[in-house]
Each structure stands twice: as C-alpha cells, then as structure tokens.
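Read the structure below first, then the notes.
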Amino acid sequence: MEKQYLLTERTHFMCPNMHFGILFKIKAAYEHERFLSAMDALSSAHPFLTSKTAADEEDPQKLYYKVSDRSEVIIYEKKSLSEIRSAYINISKTNWNVFEDGLLRVFVCPENDGFNVLFAAHHLLGDGRSVLQLACEFADKYVKNTDPAYAEERLIQGIKDLPEGSGLAGISRLLVNRANRQWAKENRVVSYRDYAAFVHQFAKQSPVGYESCTMRPERVSEMHRRCREKGISVNDLLMARLYMAAETNKIIIAADIRGKFRAYNKGAMGNYATALGIVYKGRGGNDYDNACEVHALVKKSLSSNRKKMLVLACYLSMTPSLIDAAAMGGLDGFESKAAKFVGTSMFGFGRQQGVSITNLGSIKNDSMESVVFVPPASPAAVQTVGVVTLNGTMQLCSSFYENVLSHTEVQKRLKMMAD
C-alpha cells in the first residue's frame, strides 16, 4: 500500500478528546475464540487496523500511518455495560498515544441474550461512518461468518483530490497565508511530550459527560412521514429542534464527501467528511416549519464546493506543525500568536459555546440488536450530538463538557429533539 500521510487528518493528531465510540449489541452468544477470529478478519481487511502513527525518516515533521504485519487492535473484556462506560470515560483523562498504541480499542461485555461491544476509535482511524461500517462488518462476520472485503486506504493527499472549485479564495486564503507566515516567523514547534502533559491538565479542568435517549420505530416512522411531506430530511428537523433547545444561532454539521472524493476506495477507513457552520436565527412557527428554513440553508451551503470544502482546504493549505499547535494555542496551553489565532478565530477552540450534530444516517443489520454513536467531545464545541438509526430505532447520544453544561440540561435538550 502506498504510504498514507496525515494531511486533513492532522487536525485530529494533537487535539484532546479526538476519539468516539460505536456501541452495539450482537444477537448471538459470546464465544471468545470466535470473537478474536472476527477481529482478525477485520484487521486483515483494513490496513489502518494494523497501523500506528510514525514520523517520516526523511522529514520528521511529516507523519504517516505505519502499517505492520499484525493487528494493533487492543481488546478488553469487561463484566458489565457500566464497566465499559467507565472505561470509555477514562479515555478522556489520558492522552491516547498514537505513536505507541493502535487506533482502535475494543471493549466487550457478555450478557445472557447476546453481548455488548464498544468500538472506541481514535479519529485518525476514520470518521463515524467508517467505524459504523466496521462495526457492521464485525457483526456480520461473527453472526453469519461473512468475510469483510479488503479495502485499501487512500486518503485526501492534496487540493487536487477535492472537487473542482474547492480551493481557498479571498479572505480565507489571506488569513491562512498570514497565519503561516506568522508561525514561520515565530519558529516554534509543539512537542508531543508537551501535548501529552497538556491533555492531562485539560481533562482535569474540562471533564466530559455523556447522555443519551432512544426513539422507538413508530415515533421515527412518523417523523420520516412528516418530513417527506415537507420535502425535508429528519436531520433538518433535529437541527431545528436543537437550535431551540440549545438557544443557539449556529450549529456545526458534518457532511459526507465520499461521493465527491475522486480516489476513495469503497469501504476504506479514514476521514471522508467535512464540517460546515449553519447559522439560523428563526424562532417563529412550529418545528417542522423551522426545519424547512433550515433545510434551505443547508442545501445552499452544500451546493457550493468552496463552502463545503472550506475547512478541508484550510487544513491542506496550513503548515502542519501549526495545525498541531492550534488546539493548545486556542486553549491557552501554548504561547503563540499564530497558534492562538488559528485555534480561536478559525477552529473555535476556547469559546466553550459551539454546538454540533453528526447524523450517521439509517442502516439495517439483522446481526445487531442496537447501535449507539457516541460522538467525540471536541474542545471546539460545548456539546456534540451523535445520531444513528438501526432497523428503525433512532439513538441520540450527546457528549458535553460538564464544567459548562449539567447532565439535567443535556437530558432536557435531547428530550426536546426527540419530542
């Protein structure tokens, strides 16, 4: 496999809480050896499951996925679902050293009528859709002995890989160029050791919490019916409700770009998503009327490659070591004018105000009983809502910073989205 370098993925490298989870239940009895065999099959099909991060020998500032001949997946057996939850929360309290550990941690807990599995993935492994697909492949291998297809990773390696018209222009190009020049003038680099120390301190000051709720198939079916009548998506409706629940004018959404990325290999791990900020100030009408207005705003943003690919174009145009320093600079963990500007003004770190939603869509899988998408707790957002629908049942799960929001408030917001 051609060596794959961290370019757009670089933003996940030195940033706290860049992990997320896919928690699912298998509808079959737990057998240890069968479980290990299914995991080995996944590792054989996906090179990034045999990878760690490494520095290029010729240019140590360049990082790549170092593929080995064995699986780097770490598996933990737990006695209960509560133990799995505690173990996942503890990930936020330490630095996930991607030079020493693999990019996927798997937690398993047997039950009488099946078993729960949590795929805890570093964002360097892939985006939510990639890891959800990985969970489905595992379930089908375990239950039906269906082998996952081999998929060679091919990441975005430059602007040329993005759709036509995706390059930086105007003020965005000026800001990135100015930040690059300022960073070069400062002539500084953040060490990974300093970053690891920063993560420990950040975790103490900004603990992460999680809340979730379930929407049954009959309720979800009714939402779909009414949304179809309005010509909108369920995600438009969830966004409209989140604007109201969080009392915010801006929500960050994720947009899948697999269909736009020219070299994407179907089924590959990696990040094939972009992020957009959707500003909506409407407060009149009912939630379905508001959702129609949100739908128009989202459609307009997605229709422009320059808007849709803006964040990716910024990453591809920015000095990699400056991207590394952005989170620490924006969160006051590193003294640098350039890093602070990029971290606060461009990436939104340090404000503790942002609200985000990522919907992985609706899937069908008869090997699974349930699925929950546990979203990353980006320091650029105070709350992130993850949504996934399996066999008609929708699960909403929210990560949030407990020093800003209470569990009660987040429960209230999720209830307003579900109702």
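Going left to right, the sequence shown walks through residues -11 to 407 as the working numbering numbers them. Just so you know, even glycine gets a beta-carbon here, dropped at the ideal spot from N, CA and C. On a predicted model such as this, the values are computed, not experimentally measured, just so you know.
Do you know whose CA, among Ile241, Pro308 and Ala233, lies nearest Arg271's CA? Start at 1 with the first residue of the sequence shown, and residue 271 comes out as number 283. The candidate whose alpha carbon is nearest that of Arg271 is Ala233.
Cβ distance (whole Å) where Arg22 is taken to contact Ile311 below 8 Å: If you number the sequence shown from 1, residue 22 lands on position 34. If you number the sequence shown from 1, residue 311 lands on position 323. Cβ atoms of Arg22 and Ile311 stay farther apart than 8 Å, at about 42 Å.
Under three-state DSSP, which class holds Met356? As a working mapping, residue 356 is identified with position 368 in the sequence shown. Residue state, collapsed to three classes: strand.
Are Pro136 and Ala29 closer than 8 Å when you measure CB to CB? Locating residue 136 in the sequence shown gives position 148, counting from the first residue. Locating residue 29 in the sequence shown gives position 41, counting from the first residue. Yes, the pair counts as a contact, with Cβ atoms nearer than the cut-off.
Tell me Met203's beta-bridge partners as DSSP assigns them. On the sequence shown, position 215 is the one that residue 203 refers to. According to DSSP, Met203 bridges with Met382.
Can the beta-carbon of Val94 be found closer than 8 Å to that of His110? Taking the sequence shown and counting its residues from 1, the one referred to as residue 94 is at position 106. Taking the sequence shown and counting its residues from 1, the one referred to as residue 110 is at position 122. Not in contact: Val94 and His110 (Cβ atoms no closer than 8 Å).
Skipping 5 residues on each side, what residues in its chain have a beta carbon closer than 7 Å to that of Tyr303? Position 315 of the sequence shown, counting from 1, holds the residue named residue 303. Leaving aside the five residues that flank Tyr303 on each side, the residues in its chain whose CB is nearer than 7 Å to its CB run, in chain order, Leu(-5), Thr(-4), Arg(-2), Thr(-1) and Ile311.
Could you round the C-beta distance between Gly317 and Thr346 to whole angstroms and report it? I think they count as a contact, below 8 Å. Residue mapping note: residue 317 aligns to position 329 of the sequence shown, counting from 1. Residue mapping note: residue 346 aligns to position 358 of the sequence shown, counting from 1. That belief does not hold up - the Cβ atoms of Gly317 and Thr346 are roughly 25 Å apart, past 8 Å.
Per-residue DSSP class, three states only, for Gly116: Within the sequence shown, the letter at position 128 stands for residue 116. Helix at Gly116.
Under three-state DSSP, which class holds Arg214? The residue labelled residue 214 in the question sits at position 226 within the sequence shown. The answer is helix: DSSP assigns Arg214 an H, G or I state.
Please classify Lys50: does DSSP put it in a helix, a strand, or coil? Along the sequence shown, read from residue 1 onward, the residue named residue 50 stands at position 62. Coil.
Do Val119 and Phe103 have their C-beta atoms within less than 8 Å of each other? On the sequence shown, residue 119 is found 131 positions in, with the first residue counted as 1. On the sequence shown, residue 103 is found 115 positions in, with the first residue counted as 1. Contact flag unset, no.
Touching or not, the stretch 8 to 15 and the stretch 356 to 369, by the rule of three or more beta carbon pairs under 8 Å? Segments in contact, yes.
Taking the straight line between their C-alpha atoms, what separation do you get for Ala33 and Lys269? Position 45 of the sequence shown, counted from the first residue, corresponds to residue 33. Position 281 of the sequence shown, counted from the first residue, corresponds to residue 269. In this structure, the CA atom of Ala33 is about 46 Å from the CA atom of Lys269.
When the Cα atoms are used, what is the spatial distance from Gly153 to Ala26? As a position in the sequence shown, residue 153 is number 165, starting the count at 1. As a position in the sequence shown, residue 26 is number 38, starting the count at 1. One alpha carbon belongs to Gly153, the other to Ala26, and they sit about 42 Å apart.
With DSSP collapsed to three states, give me the class of Thr332. Taking the sequence shown and counting its residues from 1, one reaches residue 332 at position 344. Thr332: helix per DSSP, three-state reduction.
In chain order, what residues of the same chain lie with their CB nearer than 8 Å to the CB of Lys67, ignoring the 5 residues before and after it? Along the sequence shown, read from residue 1 onward, the residue named residue 67 stands at position 79. Counting only Cβ-Cβ distances below 8 Å, and skipping sequence neighbours, we find Cys97.
Does the distance from the CB of Asp244 to the CB of Arg117 come in under 8 Å? Residue numbering aside, residue 244 sits at position 256 when the sequence shown is read from its first letter. Residue numbering aside, residue 117 sits at position 129 when the sequence shown is read from its first letter. Contact flag set, yes.
With DSSP as the reference, please indicate the residues paired to Val375 in a beta bridge. Within the sequence shown, residue 375 is the residue found at index 387, counting from 1. Paired residue(s): Asn347 and Leu384.
What's the call for Thr372, buried or exposed, on a 16-neighbour Cβ count within 10 Å? Residue 372 sits at position 384 when you count from the first residue of the sequence shown. With 16 or more other Cβ atoms from the protein chains shown falling within 10 Å of its own Cβ, Thr372 counts as buried.
Exposed or buried, what is Arg463 when buried is set at 16 or more other beta-carbons lying within 10 Å of its beta-carbon? Since the first and last residues shown for the chain are -11 and 407, residue 463 lies out of range.
Take Trp171 as the anchor and find which of Lys325, Gly258 and Glu141 has the nearest alpha-carbon. Sequence index remark: in the sequence shown, residue 171 carries index 183 (1-based). Restricting attention to Lys325, Gly258 and Glu141, the CA atom closest to the CA of Trp171 is found in Lys325.
Are the stretch 248 to 262 and the stretch 205 to 222 touching, with three or more C-beta to C-beta distances below 8 Å? They do not touch, by the three-pair rule.
DSSP-derived helix/strand/coil call for Ala368: Translated into positions along the sequence shown, residue 368 becomes position 380. For Ala368, the three-state secondary structure derived from DSSP is coil.
By Cβ distance below 6 Å, which residues in the same chain neighbour Asn379 in space, the five residues on each side in sequence not counted? Taking the first residue of the sequence shown as position 1, residue 379 is located at position 391. The residues are Lys352.
State the DSSP-derived secondary structure class of Gly265, mapped to helix, strand or coil. Position 277 of the sequence shown, counted from the first residue, corresponds to residue 265. Strand.
Check for me: the alpha helix (DSSP H) holding Lys192 runs from which residue to which? Mapped onto the sequence shown, residue 192 falls at position 204. From DSSP, the alpha helix (DSSP H) with Lys192 extends over Tyr180 to Gln193.
Ser366 to Ala123 span [Cα, whole Å]: Counted from its first residue, the sequence shown places residue 366 at position 378. Counted from its first residue, the sequence shown places residue 123 at position 135. Near 22 Å, if we compare the C-alpha coordinates of Ala123 and Ser366.
Among Phe249, Ser291 and Cys280, which one has its Cα closest to the Cα of Leu264? Numbered from its first residue, the sequence shown carries residue 264 at position 276. The residue with the shortest Cα to Cα distance from Leu264 is Ser291.
Checking 8 Å against the spacing of the C-beta atoms, do Gly349 and Thr377 come in under that value? Within the sequence shown, numbered from 1, the residue matching residue 349 stands at position 361. Within the sequence shown, numbered from 1, the residue matching residue 377 stands at position 389. In contact: Gly349 and Thr377 (Cβ atoms closer than 8 Å).
Quick one: what does DSSP say Asn165 is sitting in, helix, strand or coil? Within the sequence shown, numbered from 1, the residue matching residue 165 stands at position 177. Helix.
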